[in-house]
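Residue numbers (this note's numbering): 246 to 454. Think of the CB as a built atom: it goes at the ideal place given N, C-alpha and C, for glycine as much as any other residue. Heads up: the structure comes next, in structure tokens.
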């Protein structure tokens, strides 16, 4: 059983109007969509910090020093890194390689689009990763909101049909092909489309953040 603390790595874009949550613009407007993205970023970071299960790192696009992040306040405890170049799979694979080999830590990799990925669920995923090779929390749209690994496993990221309804099932198929012991949680809702807004927690405002 691994007793090492996992590193929680959150992937996020700078929450600027017109650059994030573009599919929500018809419902919220460009500024409203960006404000919601900012709120979900802050919420996810706080959930990760409150879990107290390991270091919390924000893997940022563009890089941390880019002017796009000026004025975006982040908790002092949050580590910062750059996603770098390449498609989503290449960027995620690079983060998994870095954490599991350079830092020799288990990895919990997540986005910031799922308010229901709470502290309790993060703690549960970290606990399951102690006795499994991988963990996966699917999204109801067929993607996933969290993946946990103890080794790089680039196969689960390479040439993945991102933004399709088959991402989670294909990821699980590849994990099974690698003979990984996988724990999979119940699906959660990402907030990507106007129809997803009904799944925002009551304490989230759709306009002011």
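>> If we require 3 or more residues per run, which beta strand (DSSP E) segments fall completely within the segment 345 to 430?
In response: Runs found: 352 to 355, 379 to 383, 389 to 394, 427 to 429.
>> Can you tell me where the beta strand (DSSP E) holding residue 262 begins and where it ends?
In response: Residue 262: not part of any beta strand (DSSP E); DSSP gives it neither H nor E.
> For the candidate residues 448, 375, 447, 385, whose alpha-carbon lies nearest to that of residue 413?
Replying inline: It is 385.
> Going by the beta-carbon positions, is the gap between residue 392 and residue 433 smaller than 7 Å?
Replying inline: For residue 392 and residue 433, no; Cβs fall outside 7 Å.
> Just how far apart, CA to CA, sit residue 313 and residue 352?
Replying inline: Between residue 313 and residue 352, the C-alpha separation is close to 27 Å.
>> Taking its Cβ as the centre, do 16 or more other Cβ atoms sit within 10 Å of residue 395, making it buried, or is it exposed?
In response: Result: buried.
>> With a threshold of 8 Å on Cβ separation, who are the neighbours of residue 265 within its own chain once the five nearest residues in sequence on each side are excluded?
In response: A distance below 8 Å between beta-carbons, with the five flanking residues on each side excluded, links residue 265 to the following residues of its chain, in chain order: 258, 259, 278, 279, 282.
> So, residue 380 versus residue 374, is the Cβ gap smaller than 7 Å?
Replying inline: Judged by their CB atoms, residue 380 and residue 374 are nearer to each other than the 7 Å cut-off.
> Does DSSP put residue 433 in a helix, in a strand, or in coil?
Replying inline: Three-state result, residue 433: strand.
> If we count the other Cβ atoms within 10 Å of its Cβ and call it buried at 16 or more, is residue 389 buried or exposed?
Replying inline: Looking at its Cβ environment, which holds 16 or more other Cβ atoms inside 10 Å, residue 389 is buried.
> Since residue 301 sits in a beta bridge, which residues does DSSP pair it with?
Replying inline: Looking at the DSSP assignment, residue 301 forms a beta bridge with 253.
> Among the residues of its own chain, which have a CB less than 8 Å from the CB of residue 342, if the five just before and after it don't count?
Replying inline: Excluding residues within five positions, the ones whose Cβ falls inside 8 Å are 397, 399.
>> Whole angstroms are fine: how far does the CA of residue 333 sit from the CA of residue 444?
In response: Distance from the CA atom of residue 444 to the CA atom of residue 333, rounded to whole angstroms, is 25 Å.
> Going by DSSP, which residues form a beta bridge with residue 325?
Replying inline: DSSP lists 303 as the bridge partner or partners of residue 325.
> Is it buried or exposed for residue 447, if we count other Cβ within 10 angstroms and need 16 for buried?
Replying inline: Looking at its Cβ environment, which holds fewer than 16 other Cβ atoms inside 10 Å, residue 447 is exposed.
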